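Chains as they are written, first to last, in the working numbering: chain A, 3 to 108; chain B, 3 to 108.
Glycine residues also receive a C-beta, built at the ideal position from the N, C-alpha and C atoms.
All values derive from a computational prediction rather than experimental measurement.
Accompanying notes for the structure given below.
2 protein chains.
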Amino acid sequence: MRRDVFQAIADPTRRAIILLLAVGAMTPNALAEHFNSSRQAVSKHLRILTECEILKQEQQGREIHYHLNADKMKDIEKWLEQFKQLFAKRFDQLDTVLEQLKSKNK
Amino acid sequence: MRRDVFQAIADPTRRAIILLLAVGAMTPNALAEHFNSSRQAVSKHLRILTECEILKQEQQGREIHYHLNADKMKDIEKWLEQFKQLFAKRFDQLDTVLEQLKSKNK
DNA sequence: TATATTTGCAATCAATTGGTTTCGTAATTA
DNA sequence: TAATTACGAAACCAATTGATTGCAAATATA
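Okay, here's the thing in C-alpha cells:
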C-alpha cells in the first residue's frame, strides 16, 4: 500500500480536509459536517492522512482532535522545487546554445 | 474520470516522467528506457498527463515528442500557497490570543 | 446504572488504476 | 514494394480506492 503525501493530496476531499485543518484542529464529526460524505468516509480519509503522517491525533476525552503536521507538506514543496530547478536549467542550456550561435555569426 | 494535476502527480512514474521532460522533450521510447515498465505502460501515463494538459505532443515524422506545459504545474503551487497562507493565518490568530492574554495580565 | 454520543474498525461493493498483450496504422528504410 | 520502426488504441486482468453498513469500545450524561 503506497502511502505518501502525493497520493494523499490526490483526493479532493482530502485536500479540503487539509485546508480546514490548516486553520485549526477539528474532530471527525466537526469535519464531516463540511462535506456531503458520511462520517465514516471522512474518518477513512483521516486514517489515510494520519498514516501519511500529515495529521496527528490528540485524544481529549471521547473526542479526537486532528491537527496538521505542516512539516510533511514540505515534501511536495521539495519536489516542486526540484522540478523548477530542472526546468530553469533547461533555459540555461538554451541560453548557452543561443550564445554559441551568436558568437558563430560574428 | 477525474483528471487533474494532483491525480497526475500521485503516481511516482508520472512524477519521474515530469522531471525527465522538465530537462527536455522526449519520445515515448526514449522515456520508456528510463523505466522498468513497458513502452505501453509509459504511453498510458503519457496519455493521462496529456489529458491533464501537463504534456503537449509534437509530431515529427513518425516520432512524437512530448514536452512539458510548465504552466499547469502552477496549479499545485497555487494550492500549496493557499495552504501556507491559511496555516500562517492560524499563527496570526494565535498571536492575537497571546496578545490578549498578555494585556489581561497587566 | 442505563442511555446516548463519539469514534475506530472490519466486511463488503462498485469503480478506478496500473499494467500486459495484441492489434492497427503511419512513417521510414532496405 | 516489403520489412521495420514508432506509436496509439482496445481488450483484458489483478490490485487498489472510496464509499457504505454494521458493530464494538470508550466516554459522557441522565
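Q | Per-residue contacts from ILE121 (chain B) into chain A (C-beta, under 7 Å) | A | Because residue 121 (chain B) is not part of the residues shown, which for chain B are 3 to 108, the question remains open.
Q.
Between which two residues does the alpha helix (DSSP H) holding GLU53 (chain A) run?
A. Translated into positions along the first sequence, residue 53 (chain A) becomes position 51. It spans 41-53 - the alpha helix (DSSP H) in which GLU53 (chain A) sits, taken as one unbroken run.
Q. If you draw a straight line from the alpha carbon of LYS91 (chain A) to that of ARG41 (chain A), how long is it in whole angstroms?
A. Start at 1 with the first residue of the first sequence, and residue 91 (chain A) comes out as number 89. Start at 1 with the first residue of the first sequence, and residue 41 (chain A) comes out as number 39. In this structure, the CA atom of LYS91 (chain A) is about 47 Å from the CA atom of ARG41 (chain A).
Q) Per DSSP, MET75 (chain B) forms a beta bridge with which residues? A) Position 73 of the second sequence, counting from 1, holds the residue named residue 75 (chain B). BP columns for MET75 (chain B) are empty, so no partner.
Q) What is the C-beta distance between VAL44 (chain A) and ALA34 (chain A), in whole angstroms, given that I count them as a contact (C-beta under 8 Å)? A) Here residue 44 (chain A) refers to the residue found at position 42 when the first sequence is read from its first residue. Here residue 34 (chain A) refers to the residue found at position 32 when the first sequence is read from its first residue. With 8 Å as the limit, VAL44 (chain A) and ALA34 (chain A) qualify as a contact, their Cβ atoms being about 4 Å apart.
(Q) Using a 10 Å radius around the Cβ and a threshold of 16 neighbouring Cβ atoms, would you call MET28 (chain A) buried or exposed? (A) As a first step, residue 28 (chain A) is located in the first sequence; it is residue number 26 there, counting from the start. Result: buried.
**Q.** Residue-chain proximity (ARG92 (chain B), chain A), Cβ-Cβ < 7 Å
**A.** In the second sequence, counting from the first residue as 1, residue 92 (chain B) sits at position 90. Contacts with chain A at 7 Å (Cβ-Cβ) include ARG92 (chain B).
Q.
If we define contact as Cβ-Cβ less than 7 Å, is LEU21 (chain A) a contact residue for chain B?
A. Walking along the first sequence from the start, residue 21 (chain A) turns up at place 19. Cβ-Cβ to chain B under 7 Å: yes for LEU21 (chain A).
Q) Can a CB atom of chain B be found closer than 7 Å to the CB of LYS108 (chain A)? A) Against the first sequence, residue 108 (chain A) aligns to sequence position 106. In this prediction, LYS108 (chain A) scores a pLDDT of 42, lower than 50, which makes its location untrustworthy; no coordinate-derived value is stated.
**Q.** Chain-order list of residues whose beta-carbon lies under 8 Å from that of THR52 (chain A) (same chain, five-residue window excluded)
**A.** Numbered from 1 along the first sequence, position 50 holds the residue referred to as residue 52 (chain A). LYS58, GLN59, TYR68.
Q) From ILE20 (chain A) to PHE85 (chain B), what distance separates their C-alpha atoms? A) As a position in the first sequence, residue 20 (chain A) is number 18, starting the count at 1. As a position in the second sequence, residue 85 (chain B) is number 83, starting the count at 1. Near 8 Å, if we compare the C-alpha coordinates of PHE85 (chain B) and ILE20 (chain A).
Q) Is there at least one Cβ from chain B nearer than 7 Å to LEU57 (chain A)'s Cβ? A) If you number the first sequence from 1, residue 57 (chain A) lands on position 55. Output row for LEU57 (chain A): interface = no.
Q.
Let me see if you follow: with CB-CB separation under 7 Å, is ALA2 (chain A) close to chain B or not?
A. The first residue shown for chain A is 3 and the last is 108, placing residue 2 (chain A) beyond what the model contains.
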